[in-house]
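Residue numbers (my numbering): 50 to 261.
Now the structure itself:
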């Protein structure tokens with residue numbers, strides 16, 4: 050657990066210089082020692098304020114407490130987390146206001162044996178060039194992070210390989226694009242072949258018809 054806490058501290062220190070940037074945030078899923086999970090989303094206070102004003106324009110907040118409730122609701126509306134094809138559930142949440150504002154939720158429904166995951170966070174999609182660092186910390190797994198941004202529609206599909214989370218969205222996209230190009234190429238070749246065969250036999254048919 051100490052190593053996990055140390056990693057989190059080092060990572061947050063590494064991004065500390067950008068912590069107050071409106072377009073930078075972090076999405077963290079952390080497994081605790083008892084096997085339970087917590088979700089933490091961190092971003093600048095300005096980023097949360099921008100999103101709340103955008104999505105709750107008809108019911109503006111009047112107190113910090115109302116703002117915190119709207120922040121938690123906004124995250125729940127824009128977070129989709131699936132493990133092994135099962136959606137997770139969010140429990141109690143808390144908001145720590147500050148220049149870097151943090152929101153923490155209890156998370157339920159993550160299986161002990163994880164085979165795949167799909168994480169989507171569109172909470173800050175209204176902010177230009179926003180990017181969220183996705184971190185999943187599970188006991189015994191390699192500690193890595195991924196990026197959620199407009200480039201991948203703020204969504205990542207992951208698979209588990211040798212106690213490590215591996216992004217598969219780009220791989221699938223590459224396979225799809227390659228296959229599509231192959232199919233298009235084959236279709237063009239077949240059309241050209243048919244057209245060529247048609248032209249090849251057309252003169253002969255015309256000659257035969259001429260002498261009938």
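All C-beta atoms in this analysis are idealised placements derived from N, C-alpha and C, irrespective of residue type, glycine included.
Item: Taking residue 73 as the reference, which of 81, 97, 82, 87 has the closest Cα?; Value: 97
Item: At the level of alpha carbons, what is the spacing between residue 190 and residue 109?; Value: 43 Å
Item: In three-state terms, what does DSSP make of residue 213?; Value: coil
Item: Since residue 206 and residue 167 should fall inside the 8 Å C-beta cutoff, what is the C-beta to C-beta distance between them, to a whole number of angstroms?; Value: 5 Å
Item: Return the first residue and the last residue of the beta strand (DSSP E) that residue 143 is part of.; Value: 138-145
Item: Between which two residues does the alpha helix (DSSP H) holding residue 126 run?; Value: 113-127
Item: Express the C-alpha separation of residue 75 and residue 181 in angstroms, rounding to a whole number.; Value: 5 Å
Item: Excluding the 5 residues flanking residue 225 on each side, which residues of the same chain have their C-beta closer than 6 Å to its C-beta?; Value: Summary for residue 225: the model assigns pLDDT 43, below 50, so the residue's position carries little reliability; its value from the coordinates is reported in the next sentence. Nothing meets the Cβ criterion.
Item: Would the beta-carbon of residue 146 fall within 7 Å of that of residue 170?; Value: no
Item: What three-state label does DSSP hand residue 304 in the structure shown?; Value: Look at the range of the chain in this structure, 50 to 261, and you will see that residue 304 is not part of it.
Item: Determine, using beta-carbon pairs with one atom in the region 100-108 and one in the region 207-215, whether at least three such pairs fall under 8 Å.; Value: no
Item: Taking only the alpha-carbon atoms, compute the straight-line gap between residue 117 and residue 144 and give it to the nearest angstrom.; Value: 6 Å
Item: From residue 92 to residue 216, what distance separates their C-alpha atoms?; Value: 23 Å
Item: Quick one: complete beta strand (DSSP E) runs, 3+ long, within the region 139-203?; Value: 149-157, 165-170, 180-186, 194-198
Item: Compare the C-alpha of residue 87 against each of 156, 115, 195 and name the closest.; Value: 156
Item: Do residue 132 and residue 142 have their beta-carbon atoms positioned less than 7 Å apart in this structure?; Value: no
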